[in-house]
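Student: Once you've had a glance at the structure underneath, I'll fire off some questions.
What follows is the structure, given as C-alpha cells:
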C-alpha cells in the first residue's frame, strides 16, 4: 500500500492543529497597547506549541521519507500519534490561561510525553515492518534525542509542582534540542546514493 | 476520471472532522486537578468518536485503494458519506455534555447508523461501477462486519431509552470489532500479485 | 505551470468551508427530544449549503479535469471564486438563525449569485487560456445550466421580500438541477478517447 | 528531499488561515438590513487579509515551482513564514473590531512586516541552497516589490498613530502592487524552455 494518502491525511490533521492553536488567542478587550498584556502568556504558550508541532511535522516528514510502504498497523500507530497531537491545543490553552500554575503545566508535560511515546511506537512499527537493516533503522541509529526527550518530559511532570518554571524550562530545552538540525536521515540518504 | 482529488478532498474533510472534535473540549474553569473532572465524560465521547472517524478513514483508504476510477455517482455517494460523518462532532458534543442521557445517546447511534448506510451505498456504487468480479468485490467478500455493524447500531437506538450504558457498550463493541485488523483487502491484493 | 497545487489548495478551502458549516450547529440546551427543535431550521440551511458546496466542488473537479495548465489569471479567478464560497457559512448561519426572514434569505441569494458569477469568470478565463476549441469549451457547450442558475438567483433576491418561501424554493430547485448528473464532460472525454 | 509534502502542508495551513478568517464574522443580531452595518468594517478587514493571504499563496506557489528540492533549513524557514501568516486572523479581528484605531492598525502592519521578512528569509534560504545562478534567483531578479513592501509596512507602523487612514491606504497600495500580475517567473520559465 502506498504512503501518499497517509502523508496527506497527517499533513491535513497537523496543519489544522498548528493553525487552530494560534487562532484561539482571544481578541484583546480594547484598542490600546496595554490591552495586549493578558495575551502575552497565551502567546508564549502558543509559540512553544507551534514549535513543537512544527518539530513533529518535520520529523514525521523525514521518517516517512525513509519509509516505503504502509501496513494496517502503521496506519493505526499514526492515528494514535495524531490523537495525542490533537490534544496540544487543549493543553496549550489550559496552560496559557493559567500561566505558571502547576497542574496545567504538568498536564502539558503529560501530553508531550504521550505524543513522544506514540511517535516512538510509530517509528518502531515502521522499522519492524521494513526490517532492522532498513534505511529508517540505520538513519535513526542510537536515537539519543528520541530517548532523552520522554525522560525529560517525565521528569518535568512532578517538577511542575515544585516550580512550573523548571518544567517550562525543560520543555523549551527539549524544543531547542530538536531545532538544532538533525542531518541523520539526510546524511544516510546521501550515503546510499553514492 | 482519476481518484486522486476525491481522496484528497475526503482526507481534508475527515482530517477537519477528527481534529475539530477534539478541539471542542472546553478549557477547565480553574487550574487544579479537580477542574478536569467535568471534562472526563466529554473526553470519553471524543475518544470514541476519534476511533470511529479513524476507522472510517482507514476503511475509506482501503476501499479506494482497491478502486481504480470514479464516476459522478461515486462522487455524490462519497459526499453523502462525508455529510453524515460531518454530523459526528455535533452528536459527540451533545452526548458528551449530557453523559448517559437517553436521547443524545440514541441520536449518536442514529448518526452512526446513517454513516454506516452511506458507507454501504458508496461501496455498492463502486462495485457496480467496476464489476462484480472486481478487486473490491472479491476483497470485501461476504462483508459480515459491514452487515453486523448497522444491525447493532439499529438495536442500540431503542436500547438507549432502556439504558444508555447498553447502547454505549454496543458502540464500543462495534469500534473494537473494526479495530481488530481486517486484512481482507491486503490479502487479496497480495494474492493477485502472485 | 501545473494544476496540482491549485486543485489541492481549492480542495483544502472547500473541505474547510463544507465541514465548518455543519460544525456550527449549536448543541441543544437540554437532553430531551424537544431540545432539537430549534436546531431544525439551522440544520435545513446547512443541508442546502452542504449540497451547494458539494456541487461547486464537483463542478470544480470536472472543470479542472478538462484543463491542462494554469496561468496567473486562472489562479486569481479561482481565489475570487473561493472568496465567495467562503461567505457561504456566514450567509447560511444568518438565514438559519432567522428562518424565513426576508433580508437574510436575499443575502443568501446574493452570495449564491456572486459565486455563480465568479464560477463563470473562472470558466471563461480557462477557456480563453486554452482556446475556443479546447476540451473544456466543447465539453461545456451551450451551458444552459450555468446561464439559468444566476438568472434564478437574481430573481430570488427581490422575491425574498415578497415571500422567503418562493426564494428558498428557487434555491432548492437550482440545487436539484445540478444534482441531476451532468455527463457532458465525461461524455466528451470518452468521445475523444475513441 | 522532494518538495511535494512541504507544498501540501503549506497549502493546508494557508487554506485554513484564509477560510477561518472569513468564518469569524459574527452573525448580525437581527434580520433587517441595518443589522449588517457593524459587520461592514470587519468585512473590509477580512477582504484585505483575504487578498494578502491570496498573494502569499500565489507567490509561494510560484517560488516553489521554481525550486527543486528542499533542505531542513528550507522546512524551518517555511514554518517561520507560516507562523507569521497564522497571526493574520488575530490581527485582522483586532483591527476589524476597532476600526481605524491606531494601535490595532499598527499591530496589523507589524504582522505584515514580519511575514514579509519571513518570506524574504525563505526566498534567500532557497536561493542559497540552489545556487546564485538558479532558476529562482534569475526569475526574481532585482525584486523591487519584495524590497519596497517591507519598507512601506515599516513606514505605516508609526504613521498609524498619526492617522490610521494613511496606514490602511499603504496596506491597500501594497496589495494592489502585488495584484498586478508579476510574470517574472513565468517569463523566465518560458525563456528556459526555448
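Protein chains in written order, with this note's numbering: chain C, 584 to 777; chain X, 584 to 777; chain G, 584 to 777; chain V, 584 to 777. Just so you know, even glycine gets a beta-carbon here, dropped at the ideal spot from N, CA and C. These numbers were taken from a predicted model, which means no experiment stands behind them.
Roughly how far, in whole angstroms, is the beta-carbon of residue 743 of chain X from the beta-carbon of residue 675 of chain X, given that I think they are within contact range, below 8 Å?
Tutor: Contact flag wrong, Cβ pair sits at about 15 Å.
Student: Taking only the alpha-carbon atoms, compute the straight-line gap between residue 757 of chain C and residue 667 of chain C and give it to the nearest angstrom.
Tutor: 18 Å
Student: Which residues of the segment 591-604 of chain C have a Cβ closer than 8 Å to any Cβ of chain V? Give them in chain order.
Tutor: 591, 594, 595, 597, 598, 599, 601, 602 and 603
Student: Just the C-alpha distance for residue 645 of chain X and residue 681 of chain X, rounded to the nearest angstrom, thanks.
Tutor: 35 Å
Student: Can you find the residues in the same chain that come closer than 8 Å, C-beta to C-beta, to residue 634 of chain C, ignoring five residues on each side of it along the sequence?
Tutor: 758 and 762
Student: Could you list which residues in chain X have their beta carbon closer than 7 Å to that of residue 672 of chain C, in chain order?
Tutor: 606
Student: From this set, G:706, G:617, G:670 and G:592, which residue's C-alpha is nearest residue 725 of chain G's C-alpha?
Tutor: G:706
Student: So residue 670 of chain V and residue 755 of chain V are in contact, right, with Cβ under 8 Å, and what is the actual spacing, rounded?
Tutor: About 20 Å; that fails the 8 Å criterion.
Student: Beta carbons nearer than 8 Å to chain V: which residues of the segment 678-698 of chain G have them?
Tutor: Of all residues in the segment 678-698 of chain G, 680, 681, 684, 685, 686, 687 and 690 have a Cβ within less than 8 Å of some Cβ in chain V.
Student: Cutting at 8 Å between CB atoms, please list the residues of its own chain near residue 594 of chain G, excluding the five before and the five after it.
Tutor: Apart from sequence neighbours up to five positions away, the residues of its chain that approach residue 594 of chain G with a beta-carbon distance below 8 Å are 640, ordered along the chain.
Student: Is the beta carbon of residue 660 of chain G closer than 8 Å to that of residue 710 of chain G?
Tutor: no
Student: Residues in the same chain with beta-carbon distance under 7 Å from residue 643 of chain V, minus the five sequence neighbours each way, listed in chain order, please.
Tutor: Result list for residue 643 of chain V: 593, in chain order.
Student: Name, going along the chain, the residues of the segment 611-623 of chain X whose beta-carbon falls closer than 7 Å to a beta-carbon of chain C.
Tutor: 611, 614, 615 and 616
Student: Establish whether the CB of residue 663 of chain X and some CB of chain C are separated by less than 8 Å.
Tutor: no
Student: Pick out whichever of C:745, C:601 and C:614 has its Cα sitting closest to the Cα of residue 690 of chain V.
Tutor: C:614
Student: Examine chain C for any beta-carbon lying closer than 8 Å to the beta-carbon of residue 631 of chain V, and answer yes or no.
Tutor: no
Student: Counting only beta-carbon atoms, is residue 640 of chain X nearer than 8 Å to chain C?
Tutor: yes
Student: Just the Cα atoms here: how many angstroms apart are residue 701 of chain V and residue 662 of chain V?
Tutor: 9 Å
Student: Would the beta-carbon of residue 718 of chain X fall within 8 Å of that of residue 649 of chain X?
Tutor: yes
Student: Tell me whether residue 616 of chain V is buried or exposed, calling it buried when 16 or more other Cβ atoms sit within 10 Å of its Cβ.
Tutor: Answer is exposed; the Cβ neighbour count stays below 16.
Student: Does residue 711 of chain G come out as helix, strand or coil in the three-state DSSP assignment?
Tutor: helix
Student: Apart from the five residues just before and just after residue 636 of chain C, which ones in its own chain have a Cβ nearer than 7 Å to its Cβ?
Tutor: 597, 600, 601, 668 and 671
Student: Could you tell me which chain X residues have their CB closer than 8 Å to the CB of residue 742 of chain C, listed as they occur along the chain?
Tutor: In chain order: nothing, as chain X lies at least about 16 Å away.
Student: At which residue ranges does the segment 614-693 of chain X contain complete beta strand (DSSP E) runs of 3 or more residues, listed in the order of the chain?
Tutor: none
Student: Would residue 735 of chain C be called buried (16 or more neighbouring beta carbons within 10 Å of its own) or exposed?
Tutor: buried
Student: Can you list the beta strand (DSSP E) stretches of 3 or more residues lying completely in the segment 707-763 of chain V, in chain order?
Tutor: none
Student: Flag this pair as yes or no: are the beta carbons of residue 673 of chain V and residue 697 of chain C separated by less than 8 Å?
Tutor: no
Student: Along the chain, where does the alpha helix (DSSP H) that runs through residue 587 of chain X open and close?
Tutor: 587-606
Student: Rounding to the nearest angstrom, what Cα-Cα distance links residue 621 of chain G and residue 729 of chain C in this structure?
Tutor: 51 Å
Student: Could you give the distance in angstroms between the alpha-carbon of residue 747 of chain X and the alpha-carbon of residue 618 of chain G?
Tutor: 18 Å
Student: If I'm right that residue 740 of chain G touches residue 692 of chain G with Cβ under 8 Å, what's the distance once you round it to whole angstroms?
Tutor: The Cβ separation is near 5 Å, so the contact holds.
Student: Can a CB atom of chain G be found closer than 8 Å to the CB of residue 658 of chain X?
Tutor: yes
Student: If the cut is a Cβ gap below 9 Å, which residues of chain C does residue 585 of chain X touch?
Tutor: Going along chain C, no residue has its Cβ under 9 Å from residue 585 of chain X, so there is no contact; the nearest lies around 13 Å.
Student: Can you give the beta carbon distance from residue 738 of chain G to residue 753 of chain G, rounded, assuming they're within the 8 Å contact cut?
Tutor: 7 Å
Student: Looking only at its chain, what residues have a beta carbon closer than 6 Å to the beta carbon of residue 664 of chain X, apart from the 5 residues adjacent to it on each side?
Tutor: Shown here for residue 664 of chain X: same chain residues with a beta carbon closer than 6 Å to its own, the five before and five after excluded, namely 701, 702 and 705 in chain order.
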